[in-house]
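Position 231 (the sequence shown) corresponds to 264 in the numbering used here; numbering is contiguous. A virtual CB, placed ideally from N, CA and C, is assigned to each residue, including glycine. Here is the structure we will look at, set down as structure tokens.
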Amino acid sequence: MTADAPLLSGPPTDALIVGAGPAGLALAAELSARGLSVRATDPHPHAPFPATYGAWHDDLPGWAQACAAHTWADVRVQTGPQPTPLLRPYTLLDNAALRAALLGRAGPGLTLTAARVSGAIRAAGGWSVQGSQDGQPARWEARVVIDASGHRPALLRQPDRHPDGAALQTAYGIVATFDRPPSAPGAAVWMDYRAPHAPHPDRHGGATFLYAMHLGGDRYFVEETSLIARPAPTRQDLKARLHARLRAQGTPAREVLSDEWVSFPMNTAPPAPDGVLAFGAAAGLVHPISGFQVAGALRDAPAVADAVARALRDGRDPAQAGWDVLWPPERRAARAVHLLGVQALLNLPPQALPAFFEAFFALPPARWHAFLDPRTPPGPLARTMLRLFAHAPAHVRLPLARAALRHAGTSLHALNAAARTLTA
Ligand SMILES: Cc1cc2nc3c(=O)[nH]c(=O)nc-3n(C[C@H](O)[C@H](O)[C@H](O)COP(=O)(O)OP(=O)(O)OC[C@H]3O[C@@H](n4cnc5c(N)ncnc54)[C@H](O)[C@@H]3O)c2cc1C
């Protein structure tokens with residue numbers, strides 16, 4: 034510790050969590066519920082979560098299912114003239130209810146601190162964490178530090194997490210009132226690839242789809258989404274496309290009540306263990322194909338908290354213990370298989386995406402459910418990818434095969450890793 038380091042800004046805690054988004058708060062609640070003292074830092078620790086969070090209803094833990102703002106039984110994708118029913122209920126979370134439920138699960142040792150963390154160094158018995166609070170330099174001490182600060186992690190310094198460059202999901206959405214329904218009334222439309230406003234997706238910077246939900250009465254949430262691209266469409270581009278789509282289908286918005294911009298990397302490699310434990314989007318836990326993360330973080334938090342609490346009790350490295358639970362060999366291998374899927378998607382010409390997803394959702398439901406679940410082991414994932422390949426039309430299969438050949442090294446590595454975990 035240098036002589037001019039700021040004085041401690043609060044009592045030492047067992048854990049310090051950087052970021053009180055859904056992932057950070059979920060882990061903070063679970064750790065404090067296990068009797069630990071936990072400081073969750075965030076510049077705005079009491080502010081509502083800003084994004085609109087959706088999840089498959091059955092992916093959410095039971096207590097979080099009760100935080101649904103809306104749940105739709107009628108869920109569809111539209112990759113051609115006829116909709117495909119998905120027969121899997123989909124939920125939009127009520128962020129205030131989710132926050133309240135997370136805080137309700139916390140133990141008495143949880144402290145929310147309005148502060149921004151800028152660094153952490155090892156110190157006797159744990160970590161000295163630096164940051165700022167009320168515009169002044171601040172310092173805290175904790176036995177374990179967890180970086181849950183989102184897609185641009187505050188502490189994690191691992192340069193090769195997007196070895197081929199970040200591939201982004203971007204989307205622009207509005208909640209608005211409409212004179213005529215912009216999507217099926219009473220339904221959630223997970224993906225509508227029809228493009229009345231952009232008949233030649235290759236000449237319009239990639240295919241984008243409509244993600245839309247009826248919120249009741251004349252209110253709808255409609256979002257123009259680019260699933261994954263490098264480079265990705267910009268906010269202005271997607272906003273223009275959304276309004277062009279709505280005009281082209283004869284359903285312009287009457288009044289825009291709010292809007293949202295989505296942009297985050299989809300191809301983040303798992304972080305190497307390095308003393309600070311990463312959780313949530315900071316840990317690259319966003320699903321590389323769907324972009325979902327929140328339900329997974331809510332499900333992972335109790336097991337990670339168990340491991341960290343046990344390690345602290347037993348005098349073992351708590352960050353390593355948490356990392357081992359988050360990234361067992363099977364999950365790392367599954368991640369490698371998913372990243373292969375990302376390469377395949379990035380190599381598909383935009384006009385082939387609807388046919389790809391038509392083949393994807395024609396898989397037996399148990400298979401596509403498992404493919405979108407981050408806990409599915411690599412073997413079944415790889416088998417599903419092969420089955421998808423076999424059933425896709427030729428104009429989809431060819432670019433997929435080319436992508437696999439172009440990334441033969443990565444493919445072999447992923448499939449080897451998958452094979453190793455299967456034989457271990
Ligand atoms: C607009 C949008 C919509 C999304 N929709 C979905 C969806 O429908 N379903 C889904 O599963 N996923 C969705 N995602 C992806 C992902 O799940 C979210 O990004 C999710 O918010 C990640 O949760 P998190 O807690 O890991 O990080 P965040 O929610 O980003 O929270 C990180 C927190 O850390 C704080 N922080 C940052 N830096 C510091 C620092 N230096 N010191 C202290 N605190 C700091 C931030 O203020 C923030 O509160 C969406 C992403 C976006 C951007």
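Cα-Cα separation between residue i and residue j, rounded to whole angstroms
i	j	result
P426	A262	22 Å
L69	S182	21 Å
R420	A403	13 Å
A342	V295	34 Å
H90	N128	15 Å
L414	W96	28 Å
G113	V178	48 Å
Y123	R109	10 Å
A147	P81	14 Å
T203	S291	17 Å
G219	L345	49 Å
R132	P432	44 Å
L135	I154	29 Å
G355	L49	14 Å
G87	S216	17 Å
T417	T301	22 Å
T454	H424	In this prediction, T454 scores a pLDDT of 49, lower than 50, which makes its location untrustworthy; no coordinate-derived value is stated.
F325	R280	29 Å
G52	L260	26 Å
H79	L143	13 Å
R430	L310	39 Å
G152	R190	11 Å
R138	A62	6 Å
D251	L271	23 Å
Assigned exposure category for residue i - 16 Cβ within 10 Å defines buried
i	result
G478	Residue 478 lies beyond the residue range present for the chain, which begins at 34 and ends at 457; the question has no answer from this structure.
P351	buried
R236	With a pLDDT of only 48 at R236, under the threshold of 50, the placement of this residue in the model should not be trusted; the figure read from the coordinates follows. Under this definition R236 is an exposed residue.
W105	buried
P411	buried
H77	exposed
A157	exposed
V289	exposed
P298	buried
R439	exposed
T35	Reliability of the predicted coordinates at T35 is poor, the pLDDT of 46 falling under 50, and the value obtained from them is presented with this limitation in mind. Its Cβ having fewer than 16 others within 10 Å, T35 is exposed.
Q115	exposed
L119	buried
H230	buried
H371	buried
Q169	exposed
L378	buried
L126	buried
H428	exposed
P387	buried
Residues that DSSP places opposite residue i in a beta bridge
i	result
S161	I154 and E174
F390	Its beta-bridge partners do not exist; DSSP assigns none.
W294	Y205
E117	The sequence shown places Thr at residue 117, not Glu. Bridge partners of T117: V110.
Y123	W89 and W105
G308	DSSP output for G308 lists no bridge partner at all.
Y244	E256
A286	F211
A221	V108 and M246
Q384	Answer by DSSP bridge pairing: none, since Q384 is not bridged.
Beta-carbon separation (whole angstroms), residue i vs residue j, contact threshold 8 Å
i	j	result
G317	R194	6 Å
V150	A175	Rounded, the Cβ-Cβ distance is 11 Å, inconsistent with contact.
A59	A334	4 Å
Q353	P306	5 Å
G206	V255	6 Å
V358	V337	5 Å
R72	W173	6 Å
T258	F242	6 Å
R408	P303	Not confirmed; about 14 Å, so no contact.
The alpha helix (DSSP H) enclosing residue i, as first and last residue numbers
i	result
V341	V327 to D347
S65	P55 to A66
T417	P411 to H424
R439	A427 to R439
N128	N128 to R138
G355	P351 to L359
Residue span of the beta strand (DSSP E) that contains residue i, given as start and end
i	result
L378	Element bounds for L378: not the beta strand (DSSP E) but the alpha helix (DSSP H), P362 to N380.
D47	T46 to V51
P145	Going by the sequence as given, residue 145 is Leu instead of Pro. Here the beta strand (DSSP E) through L145 covers L143 to A147.
A315	Careful: A315 lies outside any beta strand (DSSP E) and carries neither H nor E.
D75	V71 to D75
R252	R252 to A262
Any non-hydrogen atom of ligand 2 within 6 Å of residue i CB
i	result
D75	Absence of ligand 2 is noted for the structure shown, with ligand 1 being the only ligands found.
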